[in-house]
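Undergrad:
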Amino acid sequence: MAALDVKKIRADFPILEREVHPGVPLVYLDSTATSQKPLSVINALDSFNRKHNANIHRGIHVLAEEATTMYEDSRAKIARFINAPSARQIIFTRNTSESINLVAYSWARANLKSGDLVILTEMEHHSNLIPWHMLASERGIRLEFIPVSATGSLDMQTYGKLLEQEPCLVAFSHMSNVLGTINPAMEIIQKAHAVGAITLLDGAQSVPHLPVDVQALDVDFLAFSAHKMLGPTGIGALYGKLGLLENMPPFLGGGDMIKTVHLRSFVPNSLPHKFEAGTPAISEAIGFGSAVDYLEGIGMQQVEAHEHEMIQYALERLEEIPGVRVYGPQAEQKGAVAAFTLDDIHPHDVAQILDRYGLAVRAGHHCAQPLHEKLGIQATTRASFYLYNSFDEIDKLVEGIYKVKKMFA
Amino acid sequence: MEDLYREVIIDHYKNPQYRGKLEPHDISFEDDNPLCGDHIRIDLRIDEDGRVNEARFDGHGCAISQASADLLTESIIGKPLEEIKSLNKQDILDLLGIDLGPVRLKCALLSLKVLKAGVYGLGEASDDLVE
Chain U
1 MAALDVKKIR ADFPILEREV HPGVPLVYLD STATSQKPLS VINALDSFNR
51 KHNANIHRGI HVLAEEATTM YEDSRAKIAR FINAPSARQI IFTRNTSESI
101 NLVAYSWARA NLKSGDLVIL TEMEHHSNLI PWHMLASERG IRLEFIPVSA
151 TGSLDMQTYG KLLEQEPCLV AFSHMSNVLG TINPAMEIIQ KAHAVGAITL
201 LDGAQSVPHL PVDVQALDVD FLAFSAHKML GPTGIGALYG KLGLLENMPP
251 FLGGGDMIKT VHLRSFVPNS LPHKFEAGTP AISEAIGFGS AVDYLEGIGM
301 QQVEAHEHEM IQYALERLEE IPGVRVYGPQ AEQKGAVAAF TLDDIHPHDV
351 AQILDRYGLA VRAGHHCAQP LHEKLGIQAT TRASFYLYNS FDEIDKLVEG
401 IYKVKKMFA
Chain C
1001 MEDLYREVII DHYKNPQYRG KLEPHDISFE DDNPLCGDHI RIDLRIDEDG
1051 RVNEARFDGH GCAISQASAD LLTESIIGKP LEEIKSLNKQ DILDLLGIDL
1101 GPVRLKCALL SLKVLKAGVY GLGEASDDLV E
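Here it is in structure tokens:
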């Protein structure tokens, strides 16, 4: 497999050419928060708004037909991207959080009762935590957590024990947005199915960075967002198995999600429209499809291989700096995310000083406060890498960290 | 941006003059910045004229939040409570001698929020206090 031509890829991303301070070019190391958009995605949004803008699904005129076709084509591309059996199993949502909330409101409220067990992990993003907290206080469902080990992996032995309590749902992150840990999704899903549990995979970090095949994984639900995979904000997707989606009650009520409406009753629309109330983010959905085109053009295996080399090099360089501690597993088990602490310097200060040198990193608890509690730290500085990042940028990060150390020395 | 980590800020962060607790105290209040986990507590002793005659802050967080707490604590000693009620965002920026974007502003203003919530005897420190 040939290495990615990062120089060529970078030329597709106009924002990477900008300076963030006079004479200081951007070094964008925050793709785990949101990724940048290639020109093809920017053009897809622009072209839709210039030439095709109309509301979808009900119009008869040319623009409405074009808009509907483009929107539905995009759904089909996304289905193909994750190897979903059919496009109607892709529900457009606003983002991963909304996808998970859809499952919590629709599937879980129809199927879970007081005392039922939901298994999560200690490394969840708040988006796969709060919807279940809310359900726990409303319904009295029980929550248990697969512990995170000192090396940043899930404790599979404890998971085995938890399964003896016969959970109804196992909902977990495919890749940690802090530790970078790539969890053994297939094993977790198989074991959950063996005790009759439904599975929900938070793919916010995995779908953008690894090949993800819902049929190979046999996962019941997969949630992910466009903006972390080169697409626009405000659009995400939920994949679900057909039998589950068909039996679920609607989520939000409104236009487009109905088949027939009477003053005192309604019949819900068929899939996927049953779950898409109101006018959706049309241009964004089309941009999502365009992002998928771009990633398929590069190849997800190539993306994964490039990022693996990046994280190997990043860990090597970061760990040679005195006072740096990187959290999470070794490179073999890890996506391209390096969350670290530097001496006792607050991550906000680290990030602020790195910004002077054009380095865009993130500081804080990255919406994973319980994980930071577990690690015994308040916050970390997080550098993350994507297909457009180069080794040279890791060197710049290392230089920047030495400058931070000097300032606080 | 260039002077965000001016020497004075690093200095107040590393060698705060007013870090500590007052026991007993007349007023004490504490709060967090939920965005980054900064925490500030401020204790005050008030004299019979309604002036602050002793003040200390405690807590943890980034250099901006801790330096601003130290500078603010220093600046209010000897001041009447009524005057403290009128302090606002600009006073903090003047003390720090820098300009801040919206995210870091929350770090810088945490100590003033805590101080004013304490002085007003409020149950919680809201953002309105420092506008």
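Protein chains in written order, with the working numbering: chain U, 1 to 409; chain C, 1001 to 1131. Using N, Cα and C, we set each Cβ at its ideal position, and we do this for glycine too.
Any beta-carbon of chain C closer than 9 Å to the one on P347 of chain U?
TA: Closer than 9 Å: yes.
Undergrad: Would you kindly work out how many angstroms separate the C-alpha atoms of M1001 of chain C and V41 of chain U, rounded to a whole number?
TA: Note that M1001 of chain C has pLDDT 43, beneath the 50 cutoff, so the model's placement of it is unreliable and the number below is only indicative. Spanning the two alpha carbons is a distance of roughly 32 Å.
Undergrad: Which one or two residues does DSSP pair with I1046 of chain C in a beta bridge?
TA: For I1046 of chain C, which the question treats as bridged, DSSP gives the partners C:V1052.
Undergrad: Please tell me whether I353 of chain U has its Cβ less than 9 Å away from any Cβ of chain C.
TA: Chain C contact via Cβ: present.
Undergrad: Determine, using beta-carbon pairs with one atom in the region 337 to 349 of chain U and one in the region 380 to 399 of chain U, whether at least three such pairs fall under 8 Å.
TA: Contact holds: three or more Cβ-Cβ distances are below 8 Å.
Undergrad: Output the boundary residues of the alpha helix (DSSP H) element that contains G236 of chain U.
TA: Unbroken run through G236 of chain U is the beta strand (DSSP E), 236 to 240; no alpha helix (DSSP H).
Undergrad: Quick one: using the 10 Å Cβ neighbour count with 16 as the cut-off for buried, is D395 of chain U buried or exposed?
TA: D395 of chain U is exposed by the Cβ-count criterion.
Undergrad: Where in the region 360 to 409 of chain U do unbroken runs of the alpha helix (DSSP H), each at least 4 residues long, occur, reported from the N-terminal end onward?
TA: The region 360 to 409 of chain U contains these whole alpha helix (DSSP H) runs: 369 to 375, 391 to 408.
Undergrad: Can you find the residues in the same chain that come closer than 7 Å, C-beta to C-beta, to I412 of chain U, ignoring five residues on each side of it along the sequence?
TA: The shown model of chain U, from 1 to 409, leaves out residue 412 of chain U, and the question about it has no answer.
Undergrad: Please name the residue or residues paired with V27 of chain U in a DSSP beta bridge.
TA: Its beta-bridge partners are U:L359.
Undergrad: Does L1004 of chain C come within less than 9 Å of chain U when only Cβ atoms are used?
TA: Closer than 9 Å: yes.
Undergrad: Go ahead and pull the three-state DSSP assignment for S225 of chain U.
TA: Here S225 of chain U sits in strand by DSSP.
Undergrad: Compute the beta-carbon to beta-carbon distance between L1096 of chain C and L1071 of chain C, rounded to the nearest angstrom, for a pair I have assumed lies under 8 Å.
TA: That pair is a contact at about 7 Å.
Undergrad: Measuring alpha carbon to alpha carbon, tell me which residue in U:G231, U:E296, U:L295, U:L179 is nearest K37 of chain U.
TA: That would be U:G231, whose Cα lies nearest to the Cα of K37 of chain U.
Undergrad: On the criterion of 16 or more Cβ atoms from any shown chain inside 10 Å, does H372 of chain U qualify as buried, or is it exposed?
TA: Buried, by the Cβ-count rule.
Undergrad: Quick one: what's T34 of chain U bridged to in DSSP?
TA: BP columns for T34 of chain U are empty, so no partner.
Undergrad: Any beta-carbon of chain U closer than 9 Å to the one on I1064 of chain C?
TA: So, interface residue.
Undergrad: Tell me whether F266 of chain U sits in a helix, a strand or coil according to DSSP, three-state version.
TA: F266 of chain U falls in the strand class under three-state DSSP.
Undergrad: By the three-class DSSP mapping on this structure, what secondary structure does M1001 of chain C have?
TA: Bear in mind that a pLDDT of 43 at M1001 of chain C, under 50, signals an unreliable position, so the model cannot answer this.
Undergrad: What is the DSSP secondary structure of L201 of chain U, counted as helix, strand or coil?
TA: Three-state result, L201 of chain U: strand.
Undergrad: Are there 16 or more other CB atoms within 10 angstroms of the CB of V62 of chain U, so buried, or fewer, so exposed?
TA: Classification of V62 of chain U: exposed, given that the 10 Å Cβ count is below 16.
Undergrad: Name, please, each residue of chain U whose Cβ falls closer than 8 Å to the Cβ of H1104 of chain C.
TA: Strictly speaking, residue 1104 of chain C in this sequence is Arg, with His absent from that position. In chain order: H348, Q352.
Undergrad: Please compile the residues from chain U whose C-beta is within a distance smaller than 7 Å of the C-beta of G1097 of chain C.
TA: Chain U residues near G1097 of chain C: none, gap ~16 Å exceeds 7 Å.
Undergrad: For G1061 of chain C, which residues in chain U fall below 7 Å Cβ to Cβ?
TA: Per Cβ cutoff of 7 Å: H346.
Undergrad: Grab me the residues of L222 of chain U's own chain with a C-beta within less than 6 Å of its C-beta, minus the 5 sequence neighbours each way, in chain order.
TA: Correct list, in chain order: L201, G203, V214, Y239.
Undergrad: Flag this pair as yes or no: are the beta carbons of K1085 of chain C and Y1120 of chain C separated by less than 9 Å?
TA: Closer than 9 Å, so yes.
Undergrad: I'd like the ranges of any beta strand (DSSP E) spanning at least 3 consecutive residues and lying wholly in the region 12 to 96 of chain U.
TA: 19 to 21, 90 to 93, all fully within the region 12 to 96 of chain U.
Undergrad: Name the two residues that bound the continuous alpha helix (DSSP H) containing S1068 of chain C.
TA: Segment 1063 to 1076, the alpha helix (DSSP H) holding S1068 of chain C.
Undergrad: F1057 of chain C and I1046 of chain C: beta carbons closer than 9 Å?
TA: Not a contact, by the Cβ cut-off of 9 Å.
Undergrad: Note down, one range per segment and in chain order, each beta strand (DSSP E) of at least 3 residues found wholly within the region 100 to 169 of chain U.
TA: Correct list: 117 to 121, 142 to 146.
Undergrad: Determine the extent of the alpha helix (DSSP H) in which L1129 of chain C is found, giving its start and end residues.
TA: Taken as a continuous stretch (DSSP letters only), L1129 of chain C belongs to no alpha helix (DSSP H), as it is neither H nor E.
Undergrad: DSSP on I182 of chain U, reduced to helix/strand/coil?
TA: Note: I182 of chain U maps to strand in three-state DSSP.
Undergrad: Which bits of chain C does E407 of chain U rub up against, with CB to CB less than 9 Å?
TA: In the sequence as displayed, the identity of residue 407 of chain U is Met instead of Glu. Per Cβ cutoff of 9 Å: Y1005, I1010.
Undergrad: Let's test the definition: count the other Cβ atoms within 10 Å of the Cβ of G152 of chain U and tell me whether it reaches 16, buried, or not, exposed.
TA: That one is buried.
Undergrad: Within the same chain, show all residues whose beta-carbon is closer than 7 Å to that of H1025 of chain C, passing over the 5 residues directly before and after it, in chain order.
TA: Excluding positions up to five away in sequence, the list reads D1043, L1044, R1045.
Undergrad: Using a Cβ cut-off of 8 Å, which residues of the region 251 to 267 of chain U contact any Cβ in chain C, in chain order?
TA: Listed by position, the residues of the region 251 to 267 of chain U near chain C (Cβ gap below 8 Å) amount to none.
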